[in-house]
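Colleague: Residues 1 to 358 (full-length UniProt numbering) are what the sequence shown spells out, left to right.
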Amino acid sequence: MVIVKSSKKALAVGILSFVLPNALARLTTFALKHFLSMDKEILNVLPQVVMLLSMTSFPVVACFLDEFEILDSEIGRLACSSSMVCDICYWSVVSFNYTITSLEEMSPETSLGSFLSNGLLMSLILFGIRPGAIWMVENSPEGKPVKEIYVFAVFVALLICGLLGEVTGLTALARSIFLGLVILDGPPLGAALSDRRDCFVSVLLVPVFFTACALRLNVLNIQKLENVGIIHLVAFVALFGKVVGSILPPLLCRMPFRDALALGHIMSRQFWISFWYLIQPIRAPLIWFVLHLIKLVGRFSPLLIAHQPRGRLFSYKTLSEQIFSAFRKLEEHFGDRIIINCYKGISPYTTMYNDVCS
1 MVIVKSSKKA
11 LAVGILSFVL
21 PNALARLTTF
31 ALKHFLSMDK
41 EILNVLPQVV
51 MLLSMTSFPV
61 VACFLDEFEI
71 LDSEIGRLAC
81 SSSMVCDICY
91 WSVVSFNYTI
101 TSLEEMSPET
111 SLGSFLSNGL
121 LMSLILFGIR
131 PGAIWMVENS
141 PEGKPVKEIY
151 VFAVFVALLI
161 CGLLGEVTGL
171 TALARSIFLG
181 LVILDGPPLG
191 AALSDRRDCF
201 VSVLLVPVFF
211 TACALRLNVL
221 NIQKLENVGI
231 IHLVAFVALF
241 GKVVGSILPP
251 LLCRMPFRDA
261 LALGHIMSRQ
271 FWISFWYLIQ
281 PIRAPLIWFV
291 LHLIKLVGRF
301 SPLLIAHQPR
311 GRLFSYKTLS
321 EQIFSAFRKL
331 EEHFGDRIII
341 NCYKGISPYT
351 TMYNDVCS
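(1) With distances taken between CB atoms, is the gap from residue 10 to residue 60 smaller than 8 Å?
(2) Using only alpha-carbon positions, find the residue among 191, 231, 305, 77 that is nearest to residue 62.
(3) Could you tell me which whole alpha helix (DSSP H) segments of length 4 or greater appear in the segment 156-239?
(4) Using the beta-carbon count (16 or more within 10 Å), is residue 263 buried or exposed?
(5) So the candidates are 100, 92, 146; which of them puts its Cα closest to the Cα of residue 178?
(6) Determine, using beta carbons only, whether residue 288 and residue 338 come nearer to each other than 8 Å.
(7) Does the pairing of the segment 140-151 with the segment 181-199 give three or more beta-carbon distances under 8 Å?
(8) Residue 295 by DSSP, collapsed to three states: which one?
(9) Could you check whether residue 206 and residue 24 sit closer than 8 Å to each other, using their CB atoms as the reference points?
(10) Alpha carbon to alpha carbon, how far is residue 21 from residue 30?
(11) Can you give me the C-alpha to C-alpha distance between residue 254 and residue 248, rounded to a whole angstrom?
(12) Give the DSSP-derived three-state secondary structure of residue 146 in the structure shown.
(13) DSSP state of residue 342, grouped into three classes?
(14) Based on the DSSP secondary-structure assignment, which residues constitute the bridge partners of residue 347?
(15) Which term fits residue 151, buried or exposed, when burial requires 16 or more other beta carbons within 10 angstroms of its beta carbon?
(16) Do you know how far the Cα of residue 333 is from the Cα of residue 212?
(17) Check whether the Cβ atoms of residue 15 and residue 230 sit closer than 8 Å, and answer yes or no.
(18) To which residues of the same chain is residue 103 closer than 8 Å at the C-beta, ignoring the five residues directly before and after it?
(19) Taking only runs of the alpha helix (DSSP H) that begin and end inside the segment 8-66, which ones reach a length of at least 4 residues, in chain order?
(20) Taking residue 88 as part of the alpha helix (DSSP H), name the residues at either end of that continuous run.
(21) Buried or exposed for residue 344, going by 16 or more other Cβ atoms inside 10 Å?
(22) With burial defined as no fewer than 16 other Cβ atoms inside 10 Å of the residue's Cβ, what is the status of residue 118: buried or exposed?
(23) If you reduce the DSSP assignment to three classes, tell me which class residue 248 lands in.
(24) Excluding the five sequence neighbours on either side, which residues of its own chain have a C-beta within less than 7 Å of the C-beta of residue 269, listed in chain order?
(25) Quick check on the burial criterion: 16 or more other C-beta atoms within 10 angstroms. Buried or exposed for residue 281?
(26) Would you tell me roughly how many angstroms separate the C-alpha atoms of residue 340 and residue 120, rounded to the nearest one?
(27) Let me confirm a value: residue 66 is counted as buried when at least 16 other C-beta atoms fall within 10 Å, else exposed. Which label applies?
(28) Rounded to whole angstroms, what is the Cα-Cα separation between residue 136 and residue 155?
(29) So, using beta-carbon positions, are residue 234 and residue 50 closer together than 8 Å?
(30) Assuming residue 172 and residue 162 form a contact by the criterion Cβ under 8 Å, report the distance between their Cβ atoms to the nearest whole angstrom.
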């Protein structure tokens with residue numbers, strides 16, 4: 001619905017903020033290929049870098065605007081609509097490239113099977129899951145939350161669609177995003193889904209994701225600074241195209257330059273996040289806190305105890321020691337890049353959340 005109701009300005013910003021950085025970065029890559037002798041690895045990775053830097057992720061923009069409490073402002077609504085248009089352009093090009101690659105590398109039978117299976121999956125989401133979500137909303141009393149079974153059903157559908165997406169040749173991310181687009185936003189169903197997943201995603205999955213990305217980064221593997229310079233050059237050209245493509249349509253619509261520049265910064269927000277994690281080496285170790293929660297029995301006051309490893313004389317390991325031992329092995333594997341602090345929290349079940357939150 002956001003795409004259908006988008007203004008011409010949002011469509012222009014979304015399309016131009018994808019096309020212009022993509023075109024400029026590809027021209028730069030084409031020029032570098034003719035004037036420099038580049039390694040095969042860098043030649044293979046540059047098209048992926050160009051595509052990623054041309055994208056403006058709607059979730060990143062929406063979270064950024066929500067954090068600064070400007071999601072409902074005029075520039076916030078324009079940025080959300082534009083980023084979604086840019087996302088659609090990105091996924092359209094990715095799907096087209098996937099189709100061409102499938103035709104070149106797969107047999108006709110395999111390609112036909114892949115297209116049919118993806119088409120059936122899209123039809124299942126659009127004509128099966130979406131009507132089901134609408135039925136859930138219509139059968140929920142007004143002003144009251146939806147039933148837990150409805151929320152559980154949506155999460156199960158998400159897992160199934162992600163698995164089928166991987167099986168049919170596309171990523172689980174693409175199918176999950178498409179499923180999210182067809183689910184009705186706002187209360188009661190959309191609000192319930194947001195409440196259920198917010199803590200789990202922001203507190204657990206996002207830190208784990210960034211930690212995994214940081215652990216994979218090893219600056220010692222960089223052998224040629226020339227390759228780093230090439231990627232940086234392409235990245236900055238894409239950034240220039242992203243900013244220009246974002247501010248040009250608003251300026252033509254007589255938007256103040258300050259607001260147009262702010263829009264360009266918002267639309268290129270993902271670039272700064274990606275580039276920051278790309279260029280920053282791991283200078284300080286990651287500090288993890290492992291807390292094993294135990295039910296309080298036989299006493300009234302809760303305890304928080306720092307775990308101290310016992311000597312080798314004790315052959316039997318408690319459950320806490322078995323858990324902490326696994327994390328200690330992880331600490332030994334990564335050397336000085338991870339520091340793990342282990343604690344035991346003994347408290348009643350009803351107040352355990354206080355130990356986690358504090």
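Even for Gly, the Cβ is constructed at its ideal location relative to N, Cα and C.
Modeller: With the structure as the only source:
(1) No, they are not a contact pair.
(2) Ranking 191, 231, 305, 77 by CA distance to the CA of residue 62 puts 77 first.
(3) If only complete runs of 4 or more residues are kept, the segment 156-239 shows the alpha helix (DSSP H) at 172-182, 189-199, 206-216, in order along the chain.
(4) Residue 263 counts as buried, since at least 16 other C-beta atoms from the protein chains shown sit within 10 angstroms of its C-beta.
(5) Taking residue 178 as reference, the option from 100, 92, 146 with the minimal CA-CA separation is 92.
(6) Yes, they are a contact pair.
(7) Contact holds between the segment 140-151 and the segment 181-199, because three or more Cβ pairs, one in each stretch, are under 8 Å apart.
(8) Residue 295 falls in the strand class under three-state DSSP.
(9) With respect to the 8 Å criterion, residue 24 and residue 206 are not classified as neighbours on the basis of their beta carbons.
(10) Between the alpha carbons of residue 21 and residue 30 lies a gap of roughly 14 Å.
(11) If you take the alpha carbons of residue 254 and residue 248, they lie about 10 Å apart.
(12) Residue 146 sits in coil when the DSSP states are folded into three classes, being neither helix nor strand.
(13) Residue 342: strand per DSSP, three-state reduction.
(14) Per DSSP, 295.
(15) Flag for residue 151 reads buried.
(16) If you take the alpha carbons of residue 212 and residue 333, they lie about 14 Å apart.
(17) No. Outside cutoff.
(18) Only 111 meet the Cβ criterion.
(19) Correct list: 8-35, 40-54.
(20) That run of the alpha helix (DSSP H) goes 74-105.
(21) Sixteen is the threshold: when 16 or more other Cβ atoms of the shown chains lie within 10 Å of the Cβ of residue 344, as they do, the residue is buried.
(22) Classification for residue 118: buried.
(23) Taken through DSSP and simplified to helix, strand or coil, residue 248 comes out as helix.
(24) The residues are 60, 61, 64.
(25) Summary for residue 281: the model assigns pLDDT 45, below 50, so the residue's position carries little reliability; its value from the coordinates is reported in the next sentence. By the 16-neighbour rule on beta-carbons within 10 angstroms, residue 281 is exposed.
(26) Here the C-alpha atom of residue 340 lies approximately 47 Å from the C-alpha atom of residue 120.
(27) With fewer than 16 neighbouring CB atoms inside 10 Å of its own CB, residue 66 falls in the exposed class.
(28) Distance between the alpha carbons of residue 136 and residue 155: 14 Å.
(29) In this structure, residue 234 sits near residue 50, with a CB-CB distance shorter than 8 Å.
(30) The C-beta distance from residue 172 to residue 162 rounds to 3 Å, short enough to fall under 8 Å.
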